[in-house]
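Reviewing the structure listed below.
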Amino acid sequence: IHPGKTRTRYELVALDGERVLRADADASASGLMVDLNVDPAEMPILTFRWKTEAMIAGADATQAHASDSPVRVMLAFDGDKSALPLKDRLTFERVRLLSGREMPYATLVYIWENRLAVDTVQPNLHTGRIRKLVASSGTDAVGRWQSFRRDIVADYKRAFGEPPGRLVGVGVMSDTDN
């Protein structure tokens, strides 16, 4: 996310009889991303599972100083960046200079949030090109696996108000730095 941030420790482990990706996040913010090239109209369904052992006390996706989440699934989409407002293009350039990576045209992030209702779309507080969609909320499912089946085309349209471009990346992130 940023070279000055502490990295989350990721490892493949055996858990509950399966091989899973474990994230150990302690005041850290980083993720793992895989490049793709998929037409979402041809493959609109995303399935994933997640589990956390604890929520982050005080985390709040509506506040920049507290916008943490123990688990996130991120989808990166392509599009025409030249058509975006200058403010967004400047944000893209700042991200590239700080991280060394190109920011996608749009990013849809499924999050586990403390208090927002499931299916709430929460804009990112720094750029309109990232939207968070609450897939799970509260503490009731802490310590248990949750399974999700999402229509990424419908979710993207709801979040951004337009059809998605090509899906160019998928990733996971644990964010506990705030």
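Numbering (the working numbering), first residue to last: -14 to 163.
Glycine included, each C-beta is placed from N, C-alpha and C at the ideal position.
Determine whether the beta carbon atoms of Met40 and Tyr95 lie at a separation below 9 Å. Judged by their CB atoms, Met40 and Tyr95 are not nearer to each other than the 9 Å cut-off.
From the DSSP output, read off the bridge partner residues of Pro108. The partner list for Pro108 (beta bridge, DSSP) reads Arg116.
With 16 as the cutoff for other CB atoms within 10 Å, does Thr32 come out buried or exposed? Under this definition Thr32 is an exposed residue.
Sequence-distant residues of the same chain with beta carbon closer than 7 Å to Ala102, five excluded per side: So the qualifying residues of the chain are Val119 and Ser122.
Span separating the alpha-carbon of Val(-2) from that of Ser67: Looking at the two C-alpha atoms, the distance is approximately 42 Å.
Counting pairs of beta carbons, one from the segment 131 to 142 and one from the segment 17 to 31, are three or more of them closer than 8 Å? Cβ pair count under 8 Å is three or more, so yes.
Confirm, please, whether the CB-CB distance from Arg116 to Gln107 is below 9 Å. Going by beta carbons, Gln107 and Arg116 fall inside the 9 Å limit.
So what's Asp140 in DSSP terms, helix, strand or just coil? In the structure shown, Asp140 falls within a helical segment according to DSSP collapsed to helix, strand and coil.
Where Val127 falls: helix, strand or coil (DSSP): In the structure shown, the three-state DSSP call for Val127 is coil.
Report yes if the C-beta distance between Glu72 and Gly128 is below 9 Å; otherwise report no. Position check: residue 72 holds Lys in this sequence, whereas Glu was assumed. Cβ distance not < 9 Å, so Lys72 and Gly128 don't count as in contact.
What does the alpha-carbon distance come out to for the pair Arg7 and Thr124? If you take the alpha carbons of Arg7 and Thr124, they lie about 19 Å apart.
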